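Structure, as structure tokens:
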Amino acid sequence: MNFKRYNVIWLLIATWCSSIQTVYAESLLQQYHMPPLERAANTDPAKILLDNARALKRAQAVSIPFTAIEDPKTYQNNLRDDIQAGLPSWAKNTPHVDFSGNKISELNKLLQSLSGQHRVSLQGQTIMADEVLLLPSEILLLGNNATLTAPTVQNPATVLIAANSGKSGMIDFAIETTGLGIMIAGAQGVIMRNLRFLNSGRAIAILNNSRFIEIEQVQINQPQQGGILIQGNVSYVWLHDSDIRNGQRADNGGAGLLISDALAKKDFENSTLADSLTEPLWPIHPAPHALLIENNTFSGHRTQGLYIDGGYGLVIQHNQIMHNDKEGMCLDFGAVNNIVMENVFEGNGHRARQTDDDLRDDLVLGFGRLADGSAVAKLPAISLDNAAQNLLLWNIVRDSAGDGIKIVRTGIRNLIMFNTLMDNNQGTNSRFHFFGVLLGSAGLEAEIDSGNHPLDFLPPIENIVAGNLIYGAHWAGILLDREAAFNDIYDNMIRHYQHLPIESASSRFNSIVGNSWQTAHPKSWKEQLMSLLTNWKVWLFALVIIVAIMGLLILLLKWRGKN
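One rule links them: number in the working numbering = place in the sequence shown (from 1) + 364.
Laid out in structure tokens, this is it:
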């Protein structure tokens, strides 16, 4: 590794980012004198596409509009304050009860006998899950690192926190089950802290009408079905300082964090299947909103680190999203009015652990595999599909197999600004090459029935890509796909691209101004010296100089001889 090179890069990044993060006081549009969101003329064909785009209709109809998020710092601070105000607390003098049994059935009897706020402290190290643990309202359950172990799967979950059992909490537990660890269904005011999930099917599911939930310092490793599911009309969830890694399921439903507006099924895992995640964007189903996802690690999953299916008003910030076999994060199928800022995406999208069945399900098996066994078809760090009015700000996106940031199709009025995209296109091959930022117009795959499809297949319209540093051997820094229209591409700095700094396959109007790029890699002094020594023009120039000097010397000698 060239450490001098990276030191210079990081110094540039730090200087650039520190200069722009100090000026958050007003909306992005005002602060940076940006063009208005709506730029297509009323008489332009693009306006008809916009008027009928279901993702844009959704963005304009949800309860958290774009105007609420366009000052991202204020929005995330207010969201955190609102969540904290709705969480329960227990005073120091709250009555305290010890539990010394070793079965959940015994614990349930104790909990049901209590009235009002209590702290209940477990004394044993192992508690057998012989039935579902029903956590009542007003109870703070202190595990003291005890393990709840379920030799047989408990339905619906090892721990159930239901609609009548809010204002409760669990701290310092390990949960060992091949089923679902914790289900929160319709509860309000729940604290989950310092939990470890061992050999779980899925660790946590937060379902319809739950709100004011804090999940802090949770460790989830090798879940078979997925890490955390947030589904339906769920709001004011704060997931922070947690580590979710090595998920074993390869389809989108197995993401480290799955946020979905899919309609609930009797078996809730059925609502995480592919058919459920592509339900209609419009009219709107109740969807997760006002969630704060920060300071977490999502790493090593066979699928995505995060999969956002229709959520809105989300803040996803300060996370490490690394080495996931598919995308680092997807904003898909009606994900609108979200903030994704100051995250690190590294080494995502290689598709090195996908089986043939996995690739067949993703409709890419036909492209084959590379010599190392990974799929020919690679994936980006961040993907947007039928997504509108999202803010992607100040992220570091590096070493992706595919593109850095990719709009697959129907990306409308998304703001991709001030990101650092370094050394993506790691999976370039004879079939595919990849870009720093791709504004795509992907059509419908031939294998899919086009009749009554819930998605729109539109080009990217009215997106803004500005102020990004795009560094490294991308095929091109930025690509505008066919029919891309009214996108503004400006003030981007592009270095060391392979083909073109900015490539466009569109004949439509797009504003591309004020970008800068470098046409070649800087050479070391040795390379520069060798270049000089092998350049015939240099030798010819040197010969002319030598001949001229010799001529002057001869003339000088003749002149001195005469005198």
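All C-beta atoms, glycine included, are put in the ideal place defined by N, C-alpha and C.
Quick caveat, the model's predicted, so the values are computed rather than measured.
Best match in the options for proximity to residue i [C-alpha to C-alpha]
i           : options               : result
residue 878 : 855, 761, 425 and 533 : 855
residue 637 : 648, 624, 469 and 752 : 624
residue 657 : 722, 581, 667 and 648 : 581
residue 587 : 663, 605 and 601      : 663
residue 798 : 647, 474 and 837      : 837
residue 415 : 397, 718 and 752      : 752
residue 599 : 642, 873 and 450      : 450
residue 584 : 613, 567 and 467      : 567
residue 480 : 905, 500 and 801      : 500
residue 634 : 666, 589, 681 and 823 : 589
residue 616 : 606, 630, 593 and 431 : 593
residue 793 : 845, 732 and 776      : 732
residue 770 : 729, 844 and 707      : 844
residue 653 : 914, 420 and 433      : 433
residue 461 : 487, 921, 468 and 621 : 487
residue 690 : 642, 612 and 659      : 612
residue 707 : 659, 830, 429 and 517 : 659
residue 800 : 819, 821, 829 and 820 : 829
residue 606 : 420, 725, 561 and 406 : 561
residue 469 : 493, 661, 913 and 779 : 493
residue 795 : 766, 821 and 831      : 766
residue 508 : 519, 539 and 518      : 539
residue 622 : 572, 694, 537 and 392 : 694
residue 502 : 478, 803, 850 and 755 : 478
residue 393 : 833, 778 and 922      : 778
residue 518 : 543, 459, 819 and 909 : 543
residue 684 : 868, 832, 572 and 604 : 604
Local Cβ density within 10 Å of residue i, reported as buried at 16 or more and exposed below that
i           : result
residue 541 : buried
residue 575 : buried
residue 817 : exposed
residue 916 : exposed
residue 924 : exposed
residue 807 : exposed
residue 389 : Low local confidence applies: a pLDDT of 46 at residue 389 is under 50, so the model's placement there is unreliable, with the coordinate-based value given in what follows. Residue 389 comes out exposed.
residue 402 : exposed
residue 882 : exposed
residue 911 : exposed
residue 515 : exposed
residue 697 : buried
residue 673 : buried
residue 666 : buried
residue 681 : buried
residue 559 : buried
residue 602 : buried
residue 387 : Caution is warranted here: a pLDDT of 38 is assigned to residue 387, below 50, making its placement in the model unreliable, and no coordinate value can be reported.
residue 730 : exposed
residue 645 : buried
residue 464 : exposed
Beta-bridge pairing of residue i - partner residues as DSSP gives them
i           : result
residue 470 : None, per the DSSP bridge assignment.
residue 914 : Partner(s): none; residue 914 has no beta bridge.
residue 600 : Paired residues: none, contrary to the question.
residue 578 : 555 and 602
residue 585 : 609
residue 857 : 833 and 880
residue 671 : 622 and 694
residue 849 : 825
residue 662 : 608 and 685
residue 649 : According to DSSP, which records beta bridges pairwise, residue 649 is partnered with nothing at all.
residue 770 : 747 and 802
residue 710 : 686 and 762
Integer-rounded CB distance, given that residue j should sit under 8 Å from residue i
i           : j           : result
residue 863 : residue 839 : 5 Å
residue 668 : residue 619 : 4 Å
residue 749 : residue 719 : Wrong, their Cβ atoms sit about 23 Å apart, outside the cutoff.
residue 510 : residue 489 : 6 Å
residue 498 : residue 512 : Contact flag wrong, Cβ pair sits at about 13 Å.
residue 865 : residue 841 : 5 Å
residue 723 : residue 739 : 6 Å
residue 776 : residue 422 : With a Cβ gap of about 10 Å, residue 776 and residue 422 do not count as contacting.
residue 410 : residue 825 : 5 Å
residue 521 : residue 550 : Actually they do not touch by this definition, with Cβ atoms about 14 Å apart.
residue 848 : residue 803 : 5 Å
Heavy atom of the ligand SAM within 7 Å of residue i beta-carbon
i           : result
residue 868 : Because no ligand of any kind appears in the structure shown, any question about the ligand SAM cannot be addressed here.
query = If we count Cβ pairs, one from each stretch, closer than 8 Å, do we get three or more for the stretch 752-764 versus the stretch 772-783?
reply = Yes, the stretch 752-764 is in contact with the stretch 772-783.
request  = Could you say if the stretch 516-535 and the stretch 546-554 meet the contact criterion of at least three C-beta pairs nearer than 8 Å?
outcome  = Verdict: yes, contact present.
query = Contact between the stretch 699-716 and the stretch 742-750: three or more CB pairs below 8 Å?
reply = At 8 Å Cβ cutoff, the stretches touch.
query = Quick check: the stretch 836-856 against the stretch 441-448, are there 3 or more CB pairs under 8 Å?
reply = Too few Cβ pairs lie closer than 8 Å, so no.
ask   = At a cut of 8 Å, does the stretch 687-706 reach the stretch 448-465 through at least three beta carbon pairs?
value = Fewer than three Cβ pairs drawn from the stretch 687-706 and the stretch 448-465 lie within less than 8 Å of each other, which leaves the two stretches out of contact.
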